[in-house]
Structures are given as structure tokens and as C-alpha cells.
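Chemist: The sequence shown begins at 3 in this note's numbering and counts up by one.
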Amino acid sequence: MRRHLQTLTAVTFITWVGQRVTAVALPLVALAETGDAWTTGLVGGMAGLPLLTSAWWGRRLRGRLVSGRALALVLLVQAAGLALVPLASATVGMGAVVLSASGLVTGATGALLAPAQRSLTADLAEAGDAGSAARWLSWQDLAHRVSMIFAPPLGAFLVGTWGAEPLLWCETAAVLLGAAAMAAVPGAAAAAGRAPGDGAAAGGSGAGAPAPDDAAHDVPVRAVLRRHPDLAISIALAGVGGLAWFAFSLGLALLGAELDRPGELVAAGMAGYGTASVAMSFVVPLVVDRLPRAATIVTSWAVLGGAFALLPLAAPGLAAIAVVSAVGGAAMPLGIAALNALISERTAGAERRAAFTAETVLHSGGASLGLLAGGAVIGWFGAGPTLVVAGVVQALAAVMAGVLLRSLTAPRRRPPAPPTGRARPAASRPAVRRPAATG
3 MRRHLQTLTA
13 VTFITWVGQR
23 VTAVALPLVA
33 LAETGDAWTT
43 GLVGGMAGLP
53 LLTSAWWGRR
63 LRGRLVSGRA
73 LALVLLVQAA
83 GLALVPLASA
93 TVGMGAVVLS
103 ASGLVTGATG
113 ALLAPAQRSL
123 TADLAEAGDA
133 GSAARWLSWQ
143 DLAHRVSMIF
153 APPLGAFLVG
163 TWGAEPLLWC
173 ETAAVLLGAA
183 AMAAVPGAAA
193 AAGRAPGDGA
203 AAGGSGAGAP
213 APDDAAHDVP
223 VRAVLRRHPD
233 LAISIALAGV
243 GGLAWFAFSL
253 GLALLGAELD
263 RPGELVAAGM
273 AGYGTASVAM
283 SFVVPLVVDR
293 LPRAATIVTS
303 WAVLGGAFAL
313 LPLAAPGLAA
323 IAVVSAVGGA
333 AMPLGIAALN
343 ALISERTAGA
353 ERRAAFTAET
363 VLHSGGASLG
373 LLAGGAVIGW
383 FGAGPTLVVA
393 GVVQALAAVM
403 AGVLLRSLTA
413 PRRRPPAPPT
423 GRARPAASRP
433 AVRRPAATG
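1) Roughly how many angstroms separate the alpha carbons of Ser207 and Gly307, rounded to a whole number?
2) Less than 8 angstroms between C-beta atoms, sequence neighbours within five positions excluded: which residues of the same chain meet that for Val161?
3) Let's test the definition: count the other Cβ atoms within 10 Å of the Cβ of Val94 and tell me whether it reaches 16, buried, or not, exposed.
4) Excluding sequence positions up to five away, which residues of its chain have a Cβ less than 6 angstroms from the Cβ of Ala296?
5) Quick one: which unbroken beta strand (DSSP E) runs of 3-plus residues sit fully inside the segment 10 to 37? Chain order, please.
6) Quick check on DSSP: helix, strand or coil for Ala350?
7) How far does the alpha helix (DSSP H) with Met3 in it extend, from its first residue to its last?
8) Per the contact definition of three or more C-beta pairs closer than 8 angstroms, is the segment 353 to 361 in contact with the segment 45 to 54?
9) Which of the three DSSP states, helix, strand or coil, is assigned to Ser134?
10) Check the C-beta distance from Ala240 over to Leu341 and give it rounded, since I have them as a contact under 8 angstroms.
11) Exposed or buried, what is Ala369 when buried is set at 16 or more other beta-carbons lying within 10 Å of its beta-carbon?
12) Do you know how far the Cα of Val305 is from the Cα of Gln396?
13) Nearest CA to the CA of Gly367: which residue from Gln119, Gly47, Val19, Asp38?
14) Quick one: grab the DSSP three-state call for Asp216.
15) Under the rule that 16 or more other beta-carbon atoms within 10 Å means buried, what is Val19, buried or exposed?
16) Answer with buried or exposed for Asp131, where buried requires no fewer than 16 other C-beta atoms within 10 angstroms of its C-beta.
17) Can you look up Ser442 in the DSSP assignment and give me helix, strand or coil?
18) Taking only the alpha-carbon atoms, compute the straight-line gap between Ile299 and Leu336 and give it to the nearest angstrom.
19) Could you tell me whether the Cβ atoms of Leu86 and Ser104 are closer together than 7 angstroms?
20) Kindly list the residues whose CB is nearer than 6 angstroms to the CB of Thr11, restricted to its own chain and excluding five residues on each side of it in sequence; keep chain order.
21) Are Ala249 and Thr388 touching if we call contact CB-CB under 7 angstroms?
22) Pick helix, strand or coil for Trp164, following the three-state DSSP scheme.
23) Between Ala153, Gln119, Leu139, Asp125, which lies nearest to Pro287 when the distance is taken from Cα to Cα?
24) Go ahead and label Val303 buried or exposed: buried means 16 or more other beta carbons lie within 10 angstroms of its beta carbon, across all protein chains shown.
25) Residue range of the alpha helix (DSSP H) that Arg263 falls in?
26) For the alpha helix (DSSP H) containing Asp125, list its first residue and its last residue.
27) How would you label Phe159, buried or exposed, when you count the other beta carbons within 10 angstroms and need 16 or more for buried?
28) Return the CA-CA distance between Ala309 and Leu374, expressed in angstroms with no decimal places.
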């Protein structure tokens, strides 16, 4: 079982490295082929559309992504979408249509893969004795964050060494390699030695939750969130964090331009955030089983919001920017791990897949929407005020979420029992029947 979980983690790492390397190479290929600057972000923009709507169109498909073989098929489709760009560039030429098609295919497959991989990881961890689901999900998050640190510089180096187009072929080959490895990973039912559809859950504490191997079962995302209000609140908080992310990435870049330090502030902030985030990710798997779920989720988002609000005060000092960003970066792996652990503990089967889909859509989709509108917001109000307001809003959302989560777990007060040993009111005493008079 441990080998299969390691395969899932390795494939997560490979695909994320490929995506971040492609993010460096793809705009250069698009610009060279089309000559239009607006096409450089077309793939990324089109990829966001399937993500935002995946809770609707992917509902039937989620129920089938319960094994490594099913995920391998999705990876094959993703590889085909990635290959569209270099193939068109080498043959008929590339235009907006090819870029849009590639973005839609890779966006759709990515929207399906992210929650399905996390769900299968939790299912396999519960079906065996390789460790807790929360710990293995934390290792996956570590793979994601490590790729965030070294993949973009690697992509920039390889673009200068090989050129942009060969890198796109390399990512296609990496995804194909991941598909081959993923095909050997069984579903939770096969791993536990059960027949599919036998109705035996492989774990999860959600009362009445469907079995992880029930591929035919279909649960709407809204139904899962209504049934588990604690998950709904926690995932909504992650969505708020996604929306506010633009204030950090765009806000620092524009704040640096306003202070005549273009590129320096965002570089210091990203370096501090990324380094602290990765360092904490190495610690999270060791402590995640002991973290209080709700308190960790709320605290991490509140800390990140506070860091956003303090960044304008730290500017223009690069060291201060890096330190404040590092505080927020250190908090986030703890919050993400606690949320993934909460989902894996409260749900199973189709509900688990739906809950992870909701997390992906709200957080990643919220980040896409925030970046889409963030430039205009900063243009209206300025980078500094936007950072402060976004941070305060996120911190207040965390406080409100904490209050709501506390109200869900607070014991309900029962009305006091009536005192004993005292005469009841006359109206509550049973009437005394007298025998009827006889004549």
C-alpha cells in the first residue's frame, strides 16, 4: 500500500513541475508563433473556465475516477492537450484556436485530477496500514510546494539552454510517464481485497457516507456541503483566501513600481513566502495528526490576512517584506493540511470526491477570479490600500468562520428539569374520580 501512495505523491510532483516549467515556456512559444502579446495568457485563461464549472460538468465523471487506471486515462487526455501546442507549431502553425483548445483540455483534466488524486490517496491510506490519510495528503502538498520553488527557475534555465518548444514536448513526456506509473495504482476496493460495490466503506467518519469504491454513486457538491456545514464553512474560507491572493502577487509587484523598486518587493515577498511554506511543509506530516482541525484552519487564514495587511507598513524594506511574507507562508501548509484532513475524516466515497472538488473550485477558482479583476481593483484604489483591505477582509472572514464553527460544536443547553418534591399546579394534577352514587 505504501508503494501505491508513494506513486501518487511522485506523480503529483512530476505533473506540478511540468505545469510550472510550461508556465515559463508557453508564453514565449505563443508570442513567437502569433506575434500578439494577448495570446501569451490565452492557455491559462481558457484553463480557468473548466475549473470554475467542474462541479457541474464533472459530476458524472467524478464517480468513475476511483482507481489509478482511471486517473491514467485522464493524464493521457491531458498529455494530448499539452501536445497540441508544440505539434501545431511544428506543422500547420499555431493560432488562438489551438491555444484555446489546449487550455480547455488541460484545464478540464486538471480540474478532475486534483480532487481525484487527493480522494484516492485518502481512500488508499484508510484501506491499508501505511499511515493516516492526513499525513499522506500532507506529503502531496509538500510535493506541490517544492515544485513551486525550483520549477520556475529550472524552466527559465532550460528555456535558455534548449529553447521553449522542446520544453513543451518534455512536459508531454513527463505526463505520459506519470500516466504509466499511475496505471498500476489500484482502487481502494481492490487494495482492501473487496469486490466493487459491496458497500463496505474503507474508512471515513462521515455518518452514512457512501463507500469509496461505489463508482456509480453520484453526490452533488451542494448536497455534501449542506450535510457537513463545518466543511462548507472551512472550504468557503479557503475560497476567500483564493480571492484575496491577488493582493499579494499583483499588489506587491505594483507597490514596488509605485516606490521605484520594480520587481524587488514581489521577489522578496515570494521568496520569503515560498521558503517558509516549503520549510513548514516538511514539518506538517509529522504533526498533522495532532492538529486541531477547525482552530488550525481559522488561525492560518487569519495569520495570512494579517500578513497581507502589514506588508505596506513593511515596505520598502526588502528584509521586512520577506519576514512578513514568511509568517504568512509558514501558516498556510498547516491550514491546508487541516482542511484536507477534515475532509478525509468527515467524508468517504462520492462525498469525499465532491468535497475535494469544492475545495479545488473555490480556492483555485477564487484565485483565478481575483487575478482577473485584481489589476482593475489596484488601479482604482492603489496597491497599499488594496493589500490592507484584502488582509483585513480575510482576517475578519477567518474570525467569522471561527465563530460559526464554534457554534456548530457547542453543546445545546437543555431546559431545566422541573423540581422534584413539590406539588404540581392544580391544572396539571390528574382529576380524582369519585364513585358514582348508587340508589
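We treat Cβ as the ideally placed atom computed from N, Cα and C, and that holds for glycine.
Modeler: On the basis of the data shown:
1) Position 205 of the sequence shown, counting from 1, holds the residue named residue 207. Position 305 of the sequence shown, counting from 1, holds the residue named residue 307. Confidence is the limiting factor: at Ser207 the pLDDT is only 43, short of 50, which leaves the residue's position unreliable, though a coordinate-based value still follows. Going from the Cα of Ser207 to the Cα of Gly307 covers about 31 angstroms.
2) Residue mapping note: residue 161 aligns to position 159 of the sequence shown, counting from 1. Within the same chain, Val161 has close Cβ partners Val26, Ala27, Leu30, Leu169.
3) Start at 1 with the first residue of the sequence shown, and residue 94 comes out as number 92. Flag for Val94 reads exposed.
4) As a working note, residue 296 is residue 294 in the sequence shown. Only Leu407 meet the Cβ criterion.
5) none
6) As a first step, residue 350 is located in the sequence shown; it is residue number 348 there, counting from the start. The answer is coil: DSSP assigns Ala350 none of H, G, I, E or B.
7) Position 1 of the sequence shown, counting from 1, holds the residue named residue 3. Here Met3 belongs to no alpha helix (DSSP H), and DSSP marks it neither H nor E.
8) no
9) In the sequence shown, the residue the question calls residue 134 occupies position 132. Coil.
10) Against the sequence shown, residue 240 aligns to sequence position 238. Against the sequence shown, residue 341 aligns to sequence position 339. Confirmed, Cβ separation roughly 6 angstroms.
11) In the sequence shown, counting from the first residue as 1, residue 369 sits at position 367. By the 10 Å Cβ count, Ala369 comes out buried.
12) As a working mapping, residue 396 is identified with position 394 in the sequence shown. As a working mapping, residue 305 is identified with position 303 in the sequence shown. Roughly 9 angstroms between the two C-alpha positions.
13) The residue you call residue 367 lines up with position 365 of the sequence shown. Of the listed residues, the one whose Cα sits closest to Gly367 is Gly47.
14) Numbered from 1 along the sequence shown, position 214 holds the residue referred to as residue 216. Low local confidence applies: a pLDDT of 47 at Asp216 is under 50, so the model's placement there is unreliable, and no value is given.
15) Here residue 19 refers to the residue found at position 17 of the sequence shown. So Val19 ends up on the buried side.
16) The sequence position of residue 131 within the sequence shown is 129, counting from 1. Answer is exposed; the Cβ neighbour count stays below 16.
17) Residue 442 lies beyond the stretch modelled for the chain, which goes from 3 to 441, so this question has no answer here.
18) For this step, residue 299 is matched to residue 297 along the sequence shown. For this step, residue 336 is matched to residue 334 along the sequence shown. Cα to Cα, the separation comes out at about 7 angstroms.
19) Along the sequence shown, read from residue 1 onward, the residue named residue 86 stands at position 84. Along the sequence shown, read from residue 1 onward, the residue named residue 104 stands at position 102. Cβ distance < 7 angstroms, so Leu86 and Ser104 count as in contact.
20) In the sequence shown, counting from the first residue as 1, residue 11 sits at position 9. Trp141, Gln142, Ala145, listed in sequence order.
21) Walking along the sequence shown from the start, residue 249 turns up at place 247. Walking along the sequence shown from the start, residue 388 turns up at place 386. Yes, the Cβ-Cβ distance between Ala249 and Thr388 is below 7 angstroms.
22) Counting from 1 along the sequence shown, the entry for residue 164 is found at position 162. Three-state result, Trp164: coil.
23) Position 285 of the sequence shown, counted from the first residue, corresponds to residue 287. The candidate whose alpha carbon is nearest that of Pro287 is Leu139.
24) As a working note, residue 303 is residue 301 in the sequence shown. Checking the sequence shown, residue 303 turns out to be Trp, not Val. Answer is buried; the Cβ neighbour count reaches 16.
25) Here residue 263 refers to the residue found at position 261 when the sequence shown is read from its first residue. First-last for Arg263: undefined, no H or E at that position.
26) For the purposes of this step, residue 125 is taken as residue 123 along the sequence shown, with counting starting at 1. Segment 98 to 129, the alpha helix (DSSP H) holding Asp125.
27) As a working note, residue 159 is residue 157 in the sequence shown. In the assembly as shown, Phe159 is an exposed residue. Its beta-carbon has fewer than 16 other beta-carbons within 10 Å.
28) Within the sequence shown, the letter at position 307 stands for residue 309. Within the sequence shown, the letter at position 372 stands for residue 374. Each residue's Cα considered, the two are about 22 angstroms apart.
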